[in-house]
Each structure stands twice: as structure tokens, then as C-alpha cells.
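Each remark here refers to the structure printed beneath this line.
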Amino acid sequence: KVGQPGDAGAAGPVAPLCPGRVRYFKI
Amino acid sequence: APQGAGLGFRELACDDPETEHVALIAVDYLNKHLLQGFRQILNQIDKVKVWSRRPFGEVYELEIDTLETTCHALDPTPLANCSVRQQAEHAVEGDCDFHILKQDGQFRVLHAQCHSTPDSAEDVRKFCPRCPILIRFNDTNVVHTVKTALAAFNAQNNGTYFKLVEISRAQNVPFPVSTLVEFVIAATDCTGQEVTDPAKCNLLAEKQYGFCKATLIHRLGGEEVSVACKLFQTQPQPANANPAGPAPTVGQAAPVAPPAGPPESVVV
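Those sequence lines, one after another, are chains A and B.
Residue 1 in this note's numbering is what sits at position 13 of the first sequence, and the numbering runs on without skipping anything.
In this note's numbering, each residue carries its 1-based index in the second sequence increased by 644.
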């Protein structure tokens, strides 16, 4: 099924709520 | 739970300013309750849930990652002025769970639990083959380096005798072959010259702590130690202590036996 303009899914990717940004570095 | 109350929690983005505000309260709480080691700084917020609490308030359930700074827990330097321990120095991460109650605009920590984990030696070597690697505090080289460095510091310091409180960090350096240590000392009621048995020296009622960094280079012809200590302002005794009583002895300080003889080469 192809989404139509105006579909909820056509609004673009939603940023995940979590985890948040890394301030320094990950180990 | 009453019917139709839903899940009982609201979702919040980890980078939402509200979440960040609560996470900074958590880190502040953590640093105020650290008894040893290094002050922590917020690195990442992993998860957050905000639970409704009856009859009033909300509870933030928070998972955060912290990183070790170079400031010791006893160091009064503001956290903003403490630098993060870099990966090349073998970084240490903290993994924390917090429950924080917000009621009437006030925040109160209900639960706090953290585990710290050093980066793996393999990871450090991967991007920096010659970087120093953390080693255990009971390593023979570490114990020897701390004893030698403390003796060197006390020898140069004609007044108060300082004794060891805590070894905070220890690393092996491959080139030149040496041992790096960071440790905490505290002033005692003994003077440098009169000490025969350090175990009999008591910490002062007004605690004066210091933080030392030392290196002992292992050479074929002997060894060379260098040590630098930063003394912190004295800390007044707790209000419930009896000012008229004798100076309390503190059992936390590990007694340090003096080295068998003076180090072969000492640079302070």
C-alpha cells in the first residue's frame, strides 16, 4: 500500500525520544 | 490503580530541557554523596519516565551515563571547571539509576544507584597503543609507588606528617616503563621528623586533605619518583562532634608503613 499525501506516515521520520545526545564520547 | 488512569506515566524526550534539568540535579546529588574517587559529569541521558505520584507530585525515573572528571570528590573546584578524563587517559564511565520526586516545585532524590566501569584496555590500545592502562590498586608497583611518593612528599615537607587516605587511580606506562598513581592524603597530628609508627598518627579534627599525582620511573640503575600534591582547604568537623573532646581517630585512613629506606633518587 502506497501512502497518500496527508497520511500520518508521510510527515517524515520522527526523532527517537531516547537515548539523548552524547556530550563527550561513548566508551 | 483507578480505572482509566492510563499507563500512569508520561513520556519525555531525553534531550528535553525538563529531563536535562532533572539529570543535572541527579549528577549534583551524586557528586555531593561521593565518598571516594572522582567527581562525575553528565554524558548521556539513556531513559526517562515521569510517573504520577499520589496524592501529589511526580517521580522521574531516570537512567544516565556519566564520565569521570579529573577532579577528586574532595576537590572543592566547581564542576564546571573540572575536565573530563579523556579516553587516552583510560576513561571511566558511570551507569546510574535515579528516582527523583518533584513536589511543590522541589526535587528530592528517592533512590540513587551507580556502577562505574573503566573503558576496556583493548579499546584504549586500539586507538592509542602506548597510552597508560589502569591497573589494580593492590599491584605491587602501585603500592610501592604510593609509599615512595608519600615518603618523598613528607621528607620535603618539614611540618605536618601526611598519611594515605585513598589510592584513587593507578596506571602502567609502557615508555618509559613507569607507574602513575593518584592518591589522597590527610594531615595528621604528627610532625614529619617524629614519626616512627604512622599508625599512631591521627587525622586532625579539622580535616586537611590533599590530592597527589606521582610517577615512579623504573630504570636499570634504580628508580626515580616525582610527586606533586595539591592541598585543599581544611574541612570543619561536623556540628555534632564534641569540640572539647579529643581529636577523633579516623579508621578510614589506611595506615602506611614507611618504606624500608629512602628512595634511591627523589625529585619532588
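In this text, a Cβ means the ideal position worked out from N, Cα and C, and glycines have one as well.
For residue i, which residues in the same chain have their Cβ closer than 6 angstroms to its Cβ, ignoring the five residues on either side in sequence?
i                 : result
Gln879 of chain B : Lys851
Val857 of chain B : Checking the sequence shown, residue 857 of chain B turns out to be Lys, not Val. Result list for Lys857 of chain B: Glu826, Ala872, in chain order.
Phe13 of chain A  : none
Using the C-alpha atoms, what's the distance from residue j back to residue i?
i                 : j                 : result
Phe700 of chain B : Leu5 of chain A   : 26 angstroms
Arg752 of chain B : Cys726 of chain B : 25 angstroms
Gln730 of chain B : Glu712 of chain B : 9 angstroms
Arg11 of chain A  : Ile689 of chain B : 10 angstroms
Gln800 of chain B : Gln837 of chain B : 11 angstroms
Thr714 of chain B : Thr721 of chain B : 11 angstroms
Thr859 of chain B : Ile744 of chain B : 42 angstroms
Glu702 of chain B : Ala717 of chain B : 30 angstroms
Cys658 of chain B : Phe742 of chain B : 14 angstroms
Gln680 of chain B : Glu810 of chain B : 8 angstroms
Ser812 of chain B : Pro661 of chain B : 34 angstroms
Asn785 of chain B : Leu678 of chain B : 27 angstroms
Ala765 of chain B : Gln747 of chain B : 44 angstroms
His788 of chain B : Val2 of chain A   : 57 angstroms
Gly8 of chain A   : Ile15 of chain A  : 15 angstroms
Thr835 of chain B : Gln877 of chain B : 19 angstroms
Ala724 of chain B : Ile708 of chain B : 18 angstroms
Phe682 of chain B : Thr823 of chain B : 19 angstroms
Asp841 of chain B : Asn798 of chain B : 14 angstroms
Buried or exposed: residue i, going by 16 or more other Cβ atoms within 10 Å of its Cβ?
i                 : result
Asn687 of chain B : buried
His665 of chain B : exposed
Gly803 of chain B : exposed
Asp763 of chain B : buried
Val671 of chain B : buried
Ala796 of chain B : buried
Asp719 of chain B : buried
Leu668 of chain B : exposed
Thr761 of chain B : exposed
Glu655 of chain B : exposed
Leu706 of chain B : buried
Phe790 of chain B : A quick correction: the sequence has Val, not Phe, at residue 790 of chain B. Counting Cβ neighbours within 10 Å, Val790 of chain B comes out buried, since at least 16 surround it.
Val692 of chain B : buried
Val694 of chain B : buried
Leu864 of chain B : exposed
Can you list, in chain order, the residues of its chain whose CB lies under 7 angstroms from that of residue i, leaving out five sequence neighbours each side?
i                 : result
Leu875 of chain B : Gln852, Gly854
Ala735 of chain B : Leu711, Glu712, Arg729, Asp763
Ala891 of chain B : With a pLDDT of only 32 at Ala891 of chain B, under the threshold of 50, the placement of this residue in the model should not be trusted, and no figure is reported.
Ala916 of chain B : Residue 916 of chain B is absent from the structure shown; chain B starts at 645 and stops at 912.
Lys663 of chain B : The amino acid occupying residue 663 of chain B in the given sequence is Thr; Lys does not appear at that position. Counting only Cβ-Cβ distances below 7 angstroms, and skipping sequence neighbours, we find Leu656, Ala657, Ile689, Val692.
Ile777 of chain B : His734, Ala765, Val768, Gln815, Asn816
Could you give the DSSP three-state label for residue i: helix, strand or coil?
i                 : result
Ala858 of chain B : strand
Val809 of chain B : strand
Asn846 of chain B : coil
Tyr12 of chain A  : coil
Phe682 of chain B : strand
Val736 of chain B : strand
His665 of chain B : helix
Pro907 of chain B : Annotation note: pLDDT 34 at Pro907 of chain B (below 50); position unreliable, coordinate value reported separately. Coil at Pro907 of chain B, not helix or strand.
His788 of chain B : helix
Ala724 of chain B : helix
Asp660 of chain B : coil
Asp833 of chain B : strand
Ala765 of chain B : helix
Leu5 of chain A   : coil
Phe751 of chain B : strand
Asp690 of chain B : strand
Asn937 of chain B : For residue 937 of chain B there is no data in the structure shown, the boundaries of chain B being 645 and 912.
Asp841 of chain B : coil
Asp709 of chain B : strand
Phe827 of chain B : strand
Asn816 of chain B : strand
Gln879 of chain B : strand
For residue i, collect the residues of the same chain with a Cβ closer than 8 angstroms to its Cβ; drop the 5 residues on either side in sequence, then sort them by chain order.
i                 : result
Asn884 of chain B : At Asn884 of chain B the pLDDT is 49, less than 50, meaning the model places this residue with poor confidence; the figure from the coordinates comes in the next sentence. So no residue of the chain qualifies.
Leu674 of chain B : Gln684, Thr710, Gly738, Cys740, Ala756, Cys758
Thr893 of chain B : Summary for Thr893 of chain B: the model assigns pLDDT 29, below 50, so the residue's position carries little reliability; its value from the coordinates is reported in the next sentence. So the qualifying residues of the chain are Asn846, Leu847.
Leu754 of chain B : Val703, His743, Ile744, Leu745
Does the beta-carbon distance from residue i to residue j come in below 8 angstroms?
i                 : j                 : result
Val839 of chain B : Tyr805 of chain B : yes
Lys807 of chain B : Ala830 of chain B : yes
Ser696 of chain B : Gly652 of chain B : yes
Asp783 of chain B : Ala814 of chain B : yes
Phe819 of chain B : Arg780 of chain B : no
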